[in-house]
Each structure stands twice: as C-alpha cells, then as structure tokens.
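Below you'll find the structure, written out as structure tokens, and then a few comments.
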Amino acid sequence: MSGVSEPDYSAQLWYGPPRRSRSEDGESRPPDILVGTVEVAVRLFGILAGLTPENPITLSLPAPVTAGDVVAAVQEQCGPAMFAHPARRIGETSPSCRLFLAGEPIEDFGARLEAEGGAPLDVELILVLAYEGG
Amino acid sequence: MNIIDPKFGTLEAEEKAPHEDNTWVSSSCALCYGSCSIKAHRVDGVIVKIEGNPDSVVGKGRLCGKGVSGIMSHYDPNRVTKPLRRTNPEKGIGVDPKWKEVSWDEALDEIAAELVRIRAEDPRKLLLQRTTTVTASRLPFQAFAAGFGTPNHSTGGGGLHCGNGAHLISGIMHASWGVLPDFQYCNYAIYFGASKGHSAGHASTSNMGMAADARARGMKMVVVDPMCNFAAAKASEWVPIRVGTDGALALAMCNVLVNDLGVIDAPYLKAKTNGPYLTGPDKRYMRDAFTGKPLVWDERAGGARPFDESDPADMALEGTFSVDGTACRPSFDRLKEHFLQFTPEWAEEITTVPAANIRRITKEFADEARVGSTIVIDGVTVPYRPVAAIAFRGSQGHKNSVYNFLAVDLLNQMVGAADVAGSCLGFNPTCHGHPDTGQPWYEPNADPDGLMITGMWMGYHYPYPVGAPRLPQNIGLQDLFVMSMTSPFLDSTDREKLWDDMDLPYRPEMIINYGSNLLMSIANKDVVAESLKTYKMIVSFDVLLTETSEFADIVLPDCDYLQSKDSRSNFPFIFSLPAGMGEWCWPIRQPVAEPQGEQRPMAEVMLELADRVGFRADLNAGYNGAINLRPPYRLEGDKKYTYEEICDHDLKNNFGPEHGWEWFKEHGLIKWDKKPEEVYWRAFVDVRVPIYWEWMIDTHKEIAAIAEPRGLQIPEEYYDPMATWLPCLSHEEHGEGFDFYAFYYRDIIHTNSYTMENPWLDEAARLDPFSYNIAINTESGRAQGLADGDAIAVETSTGRRVEGRVKLTEAIHPEGLGIAALAGHWVDTMPIAKGKGVFFNELLELDYEHASPVNLNLDLCAKVKITRLEAAS
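This is the structure in structure tokens:
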C-alpha cells in the first residue's frame, strides 16, 4: 500500500537528518558519579507552605541532584496528596509544580541542579494548579 | 454627530470642538475571548466609537458586531457601581437578596476575614471561578489560587462546554489549544461541528478574513453539521448529520481512506507518530528490556529495536512479528484492521449520511492531500498537504467526547496533514521569540516514549503525559479523571455522593466568582442553584447583576474591559493569534475610560485581598510561576507591587527593558515576523504523536481500581487505545413522541449569556429569525402540525422543559432541534435580556451519567418531544 506519489519528496523531510543509533556510535553516557550530598534550601509557597513545621526546609540529598529529586523529597515531607498529579515514574513530574533555582525557572526536571562554588541550592517551589477550558 | 449616551445624555461631539480630550486609544476587546485589537475613540472622557486596530494581527483591523457594540455594554445604566452586601440570608432562584450598599472597606474586611479562616483550616475550601469571556483574567486568578493554595480554580462554572475534548486532543496531537485549516494554503477543509473562520472565539475576526480569502481562492469547504448556519452557509457542501454522530462518520472515512483507497503518508506515520511501535497481545507496547523504550520492527536489521535506535525509514508499519517468542504488531497495523468494521454502510445507519457520499468525500480528501509533496515558503522547504479535517465544540460535546474528536484528527494523521503547509494546524504551538530577546520561546518536546509534550499551554495542566490517577483531592475529581479539564462535579446532582464515596477530605465553602453566570452556563438551573446554596460565602465581581449574582453574599462592582489593564489581552498570548504565516503579535489592554462610581478593576482588588489575608509573598511566587518571570523581572519577596507594575514586569521579561508598560501604552502592541520553521514546525521537531493511545489501558485500570470499589463504574470501552464509536444516551432513547435531538449552537451575534443585555446586539438578534427562536426542519415540523411562529414546549424524558417560538427551515437535519446561544435570562436587573430567547441548558442533566467517563465533557444533546402550545401571534 502506498498512495504516495513517486518520488516522495516529503519523506526526507519527515525522516530528517540520518541518525546514528547508540550502539552504532559506540558512545554511551558516563554514569553519574555519586559523591557526597548536596544541601538544598527549599522555600515553599502556596498550599505547600502550610504543610511543614518550618519554611524554608533544608534537604540533604545525594549528589547529583535534579529538580525531580527535590520535588520527590518535598513530596515525601508534605505528602503526595497535595501534588496534582504525582510522578508516574522518575523524572516525570506534573508541570504544575513550578521550581525556581536562584530565581530561574527550571523546566527540565531531569536536569542537574548546580550552584556556583558548591553553595547550597536555593530553591523555590509552588504549585500552579488550574483546570479549565476556554 | 450626536452620540446618545444613556448615562450622560446627548453629546454633540463635533460641535464641542476643540476638545480637551480627543484620543484614540489602542487596547483589546473583551466581548468574546477572541480579544481582537481595538482602537477606542474617547472625546472629553466619553468613549464615542470602537474600531478594529489595523496595526494588529489580532483582528487585522476588523471588528465584529459584538466588538463595535461594546460601547453599549460599557454605558449600560444597569452597571454595578457600588459594593453590595446581601441582607436576606435566604437564597434561591427569584429570591430578592435585599442588597445593601456597603463601602469597599466593609466588603473587603468581611471577605478577608473569611479567607483568613479558610486558609488556616484548609485553603482548598476556596473555589475560584472565572468567565471565559475575559481570558486575561486567568493570570490574576491563577496567581491568586496558587498563592492562596487552592487547586479548585475553574472557568464557566465547571460546565464549560467547548473544550474538554477539543483542547485535550488538540493538545496531544497538535500541541495546541485548538485546530483549524491553514487558510493560506489549504485546498480542501472538512469541518465537523466547527465554525473556525465563520463565527466567534479564537482569532475570530482574523480567521474570518483568512477563511473568506481561502474560499475566494477556491478552497473547497465541506461542513458536517446538524445545522446549516454560519460555516455551512458559506461552504461548498453541507453534510447534514444526526446530532452527536460525527465520530462514526470520521471512522468510516478513515476506513475508506486507509483500507479502500490505500492512501497514507507512510514516512510521516513512521517518523512522526507511534504507528510503528510494536504492540503485544495485551495491546500494550512491546518494550526494550534494558531501556524500557517502546520497540519497533527494524526491517533493515530484521529485528526489534528501541524506537530511538532505528532509522524511521526502516520501521515496519504493517505485519506480525515475534519478539522473544511473543507475537506483536505495529500499532498502525492494529488500527488499520480496527478501521475495517466501520464501513460506510454501517456509518450511514448511525449518521444518516449516505454511504456513497462518505466514499466520495473521502476520495476527494485523499486526492487533495497530495501525499508526498513539498512546497517552498520563504525559502524553506516544508511538506505540503493542502487538506484539513477539523472539529470543535459541536462534535466533541458529547458523552463520547474523546473518540469523536480523535477520529476526526486521525484523518489528518493518516495523510501527514498535521502542522505543515495547507494542513490542519494547531494555532502557534512553536514560537522562537522576539528577535531582540528570544522570548517568549516554546516548542513541543518528547517524553521518554518519544511522544509529544506541548511546549505551551493554558497554564501547567498539560494534556500529556497523563498523570497517575489518585483518590481525589479536588472537588472536580480531575485528579482521578486525569484526562479531564473542567468538571461537572462542582455542581452536579451527584457531587456530594461522589465526594463522600471518594473520601474527599474537605468540602468547598467559599466561591470568588469573576463574571461567570453559573446558573445559566452549566446545565439546568435548579441543580446549580442547589449547589450554590451550600456555600457559606459567595463573592462575585460583576458588571451587571446576573442570575448568579442573586446567590452572592457580596457583589463587587467590576471595571469592564474598557476600564482595565492587562499585559496580555489574552492568556496565553497566542490564544487570539491566527495560525499560519504572518506576524507574531502581543497586544495589551489599557483603560480608555474612568471607573463609574466606585468600580475597581478585579486584578487590583485581588492584590489587596492577598495583602489583607497576608499572603503577598505567596502571591508573588504565584505570578512568578504562572508567567515564568525571571531575574531581574521576577516579583521579589512580599513586595507590594501594583497590577500595573506586574504588567510592566511581564512585558519587560519578554521584550526587554525598553518595552515595558509605558512603551506598550503608547504603541499598544509589538509585532515580529513568523518563520516557516515555527508555523510548519512538524518536520523540524523530533516528536511523535499517538495515533494509538496505549496509555489508556493502564489509565483505565488505575482509575477503576480507585473508583469501582467505591461504587463508581468506569466503562472500559471508553478507554480503548483505538478510537471507536460509542453512542450518546440520547441515541438510545426511543420513547414515544421523543422524535428530536435538541442541541444548541453558538450565535455569532452573542457571547455566552453576557451580550444578551446589549441593546444593539439584542436588536440584531431580534431581526435574525434564528437567534431567539427554535429551529426545526420544515418537513418534520409540518408533520407535527407546526407553522412558523408557533409557540411550543420542548420536553425531555426527565421532565426538563423550555418554551419558545418555532422557526421552520430546510437548513437543519430532519431530527434536529436547534437553539441558539445562551439566552433566556430572567432577572429584572438585565431588562434588555430578560425573557428573550430560549434557555437551552435547562434541558441538560448534570451528573456522571451524562458526562464522558474519560474527560468529563457534558453530553450536550437531549432527546426531546415537542408540544404545540399556541399558534403564531
């Protein structure tokens, strides 16, 4: 079955530049080296602020730390019930959970969080929850 | 020129020149959520004219009848001008609240005290409601909800009809809030219950011009609809269809396309969909044991490989293969076989569309798709598929909301007509930002399975990936029904039972409402009224006292769109931007007139409330989170910013320090050119879309595991990975005399229930034979002994009833009964609107049984019988 006029001019656009598979290029990502722990100060806002006896909270997490790790640790302390859609698997977290590192929004929850000079990480966390249409 | 103004009397503007104040102000309309750019002419403090802004992409200088009539809503003598406090504790439909004027201080003191109590007890007890008409209100409300700490934030009263299916599927398949044809290049468009370019809403006036140009250019337009109105009347062909059966027609067309005609875009399906993903006997993906990635069958390698380790050109779309001894097939292969059951003859029985027509239309669509072709636009070569199948509120507004919409989009997916030149476009899912700043920037990206996550959305409740269902914490149960958006359970008859059964740990106690008329916008009024009575406090920002205001404890006099400011006329900014090539455009809204009496803009009042309650730092964090404010423009600590300062931060955050509020006040908007790689992004972004919804299997199991032990059945047939046909309740109702399917349609003259009070629009509606009457097919009506103008009662089997006058017409399906708009107001405080038109929503039940068990969209049709009450007067 084709239905495709020959030549199929758009095929090359769909396929894009040729890819090399991981096994073909012989490269593999080096494993993360876990060295010590990272201190993370997390300031909680909104509904999360009322769920811990102190705010900000200080976390001590094994290095390297990702945004997803921080959210998972906060979920542990605050209770996952407050998070709209708890993570289904590692690295997949509800985008309604907004995390800022030193004021910069972090979009990729799998990204490694690092502070200059090994200082404690300064994180803000708020849930921006809304269900709607329009 | 004499300007008759009901509040200020007659002005003889030209005779009074020279004027101290004679100014055209660039701003944005808010008579519907299209938010077209306007220029408002103000003379000596009085707005004398509103026109479209020709400098803007949003409307392109055009303004519809509603927009130019905005002046009459603005100067409505019934505007609320002072805070009002209810003195009658009894609440009910028609019960006088016995309003007492109070000061702002008194009103805000009382509101703040209640907010303090609730926030200390459980902030989730607060429900925030907004109208969809002023979409920019989303920002202050979203930030307030986030800062206060409630997830219960909804629009249109939780019964919003337009989008649980349309937005969900447009998001998953096109990374967009909705879809429409690429008017600039499309040659053949099929509309299923949609009116893009011919009515109201998203980018309405821009699209009207583009659609008209496309028709003049020769674009053939086929409109599938129970009624031949705004879109169908201008179409090449109207296909009358039985209400709510669009999915059956689309599935039959998919069958003809794929199995009879054999027209598909195989390279597209291999590279840009999950069509090649192998599925096992349990219908789930076959996954790589090491990486967990879905497997494909690599024909060159002769074996299964993770999807991202195989060249798409080598992926098999069809066949049966063996992986570690398990027989498996590509999901496309399953889908192709699945389509076989949907023959045109089968579809004819369900839809009433003749099988021969189904084959012909599909053949035309296939021929026009020009699969394999490319086109060069602005020097960039992109795939060219000048066909589009689109859907919107009509087809997805049913119990089978998800599949009805998905089936339509599968037509596009089969031929690669998705976000390429001429095809079905999401509106603006990829933006690489203003040349000076690179902001706003967003682009779809892939999840670990390679499937598309939208890069931009209405906030952060993304349609995909679908979250893990849980025992609900939200009153709408959206965290259980994880593919839902607005929820009927805020007000439904079964809400308390559901909350009890699901162990919801709190009950809502307070509503802050912004302009929604909940009594009218959801379903029958009695159910909503009973719900509203249970709240301890309702606060409503209103420009007019509506049916819902009667249930409020405090009414706050709101500034309207001509008295307000917003850094974005829409939220998000692309909401009103037309798709296709052209320019990006970011307009603002700014005040043209002073408040009347003690009116105050809602956004400023919400800031003051946060200060009175004591959560300004949380509110600032809410704004930072909602609009991604970065240093140095993020809101710091608990600093008390004005709303104008927040707008200034938002604008500078996106367009740099030179382009703050003051710059925008002068210029009104900012524009820059779109690039083909943004508009026709599909070939340039490495993401796939799911033609096979594999996650539905687990999602159903997880929801059922929570809900069914608590007595709520989750029907499995709604959670199959492949779109299928499932009837509405009305299709299975065969009581004697119940011969018609009642439905409503958006009247181009009106927006929701609000504009009914506008005297110019009311006059236009009274001149239109359909706006305030009930449309019935001429032959069907005559068979019932009806003539034009007869008064009839329309009744459901559950006893819901409305009355109105008949308009007989050939332009409606023989079984259809069409009611326009959201009419039928009954309060004295809206005297123009009172008693006009027919209140369709009164016919709708509001409960789980009448909602999609997947996305909770309400079933918006009802089987009815009609009774003649009296002859035409």
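First to last, the sequence lines map onto chains A and B.
Per my numbering, the first sequence starts with residue 214, numbered consecutively.
Per my numbering, the second sequence starts with residue 1158, numbered consecutively.
Glycine is no exception: its CB is placed at the ideal position from the N, C-alpha and C atoms.
Whole angstroms are fine: how far does the CA of residue j sit from the CA of residue i?
i	j	result
Asn1364(B)	Ser1183(B)	21 Å
Arg1939(B)	His1591(B)	60 Å
Met1642(B)	Gln1635(B)	7 Å
Glu1506(B)	Ala1680(B)	30 Å
Lys1828(B)	Leu1406(B)	41 Å
Ala328(A)	Leu342(A)	28 Å
Pro1424(B)	Gly316(A)	43 Å
Ile1848(B)	Leu1418(B)	19 Å
Ala300(A)	Ala1625(B)	Confidence at Ala300(A) is low in this model, with a pLDDT of 47, below 50, so its placement is unreliable and the value that follows should be read with caution. Rounded to the nearest angstrom, the two C-alpha atoms are 7 Å apart.
Asp1422(B)	Ser1530(B)	10 Å
Phe1708(B)	Thr1508(B)	42 Å
Cys310(A)	Ala1390(B)	46 Å
Ala1369(B)	Trp1614(B)	29 Å
Arg1242(B)	His1891(B)	49 Å
Ala1899(B)	Cys1411(B)	28 Å
Gly347(A)	Arg1962(B)	Low confidence applies to Gly347(A): its pLDDT is 40, below 50, so where it sits in the model is not reliable, and the reading given next is rough at best. Cα-Cα distance, rounded: 30 Å.
Trp1852(B)	Ala286(A)	27 Å
Ala1332(B)	Glu1247(B)	47 Å
Glu1521(B)	Met1738(B)	26 Å
Arg1462(B)	Asp1445(B)	7 Å
Ala2029(B)	Arg1923(B)	16 Å
Gly1460(B)	Asn1514(B)	43 Å
Ser1644(B)	Ser1226(B)	33 Å
Val284(A)	Val251(A)	14 Å
Thr2024(B)	Ala1968(B)	22 Å
What residue does the alpha helix (DSSP H) around residue i start on, and which one ends it?
i	result
Ile1228(B)	Gly1227 to His1231
Arg1517(B)	Ala1512 to Ala1526
Ser1352(B)	First-last for Ser1352(B): undefined, no H or E at that position.
Cys1804(B)	Tyr1800 to Phe1812
Trp1820(B)	Trp1818 to His1824
Lys1206(B)	Element bounds for Lys1206(B): not the alpha helix (DSSP H) but the beta strand (DSSP E), Val1203 to Gly1209.
Ala1270(B)	Trp1261 to Glu1278
Asp1657(B)	Arg1652 to Asp1658
Trp1503(B)	Pro1501 to Thr1508
Could you round the C-beta distance between residue i and residue j to whole angstroms and report it? I think they count as a contact, below 8 Å.
i	j	result
Ser2009(B)	Asn1631(B)	Actually they are not in contact, since the Cβ atoms of Ser2009(B) and Asn1631(B) sit about 17 Å apart, beyond 8 Å.
Tyr1876(B)	Thr1856(B)	6 Å
Leu1408(B)	Phe1499(B)	4 Å
Val1237(B)	Val1700(B)	6 Å
Ile1104(B)	Leu1637(B)	Since the first residue shown for chain B is 1158 and the last is 2030, residue 1104(B) is missing from the structure and cannot be characterised.
Trp1818(B)	Cys1804(B)	5 Å
Along the chain, where does the beta strand (DSSP E) that runs through residue i open and close?
i	result
Ile1933(B)	Ile1931 to Asn1934
Ser1184(B)	Asn1179 to Ser1185
Ile270(A)	Ile270 to Pro275
Asp1465(B)	Element bounds for Asp1465(B): n/a, residue is neither H nor E.
Arg1908(B)	Residue identity differs from the one stated: residue 1908(B) is Thr in this sequence, not Arg. Neither: Thr1908(B) is in no beta strand (DSSP E) and is coded neither H nor E.
Lys1722(B)	No beta strand (DSSP E) holds Lys1722(B); DSSP gives it neither H nor E.
Touch check for the stretch 1391-1402 of chain B and the stretch 1251-1261 of chain B: three-plus C-beta pairs under 8 Å? no
Which residues, in chain order, does the stretch 1837-1852 of chain B contribute to contact with chain C at a C-beta distance below 9 Å? In summary, chain C is missing from the structure at hand, where the protein chains are A and B.
Determine, using beta-carbon pairs with one atom in the stretch 1712-1726 of chain B and one in the stretch 1287-1299 of chain B, whether at least three such pairs fall under 8 Å. yes
Take every Cβ of the stretch 1937-1952 of chain B, pair it with every Cβ of the stretch 1904-1917 of chain B, and state whether three or more of those distances are shorter than 8 Å. no
Runs of 4 residues minimum, wholly inside the stretch 1280-1317 of chain B: which ones carry the alpha helix (DSSP H) assignment? 1295-1305
Given 8 Å as the limit, is there contact between the stretch 1723-1734 of chain B and the stretch 1295-1310 of chain B, that is, 3 or more CB pairs closer than that? yes
Sequence ranges, beta strand (DSSP E) only - wholly within the stretch 1318-1342 of chain B, length at least 3: 1336-1338
Is there contact here, the stretch 1925-1933 of chain B with the stretch 1972-1986 of chain B, by at least three beta-carbon pairs under 8 Å? yes
Evaluate contact between the stretch 1697-1716 of chain B and the stretch 1749-1758 of chain B, counting only Cβ atoms and requiring at least three cross-stretch pairs below 8 Å. yes
Cβ contact check for the stretch 1990-2003 of chain B and the stretch 1919-1930 of chain B: 3 or more pairs under 8 Å: yes
Taking contact to mean at least 3 C-beta pairs separated by less than 8 Å, is the stretch 2016-2023 of chain B in contact with the stretch 1998-2006 of chain B? yes
Which ranges does the alpha helix (DSSP H) cover as unbroken runs of at least 4 residues, wholly within the stretch 1632-1686 of chain B, from first to last along the chain? 1652-1658 and 1675-1678
On the three-pair Cβ rule with 8 Å, is the stretch 1332-1352 of chain B touching the stretch 1580-1590 of chain B? yes
To test your reading of the DSSP string, which unbroken alpha helix (DSSP H) runs of 4 or more residues are found completely within the stretch 1824-1900 of chain B? 1833-1836 and 1852-1864
Contact between the stretch 1450-1470 of chain B and the stretch 1878-1892 of chain B is defined here as three or more beta-carbon pairs at a separation below 8 Å; is this criterion met? no
Return the chain-ordered ranges of every beta strand (DSSP E) run that is complete within the stretch 302-339 of chain A and spans a minimum of 3 residues. 310-314 and 317-319
In chain order, which continuous runs of the beta strand (DSSP E) of length 3 or greater are located wholly inside the stretch 1375-1416 of chain B? 1377-1382 and 1394-1397
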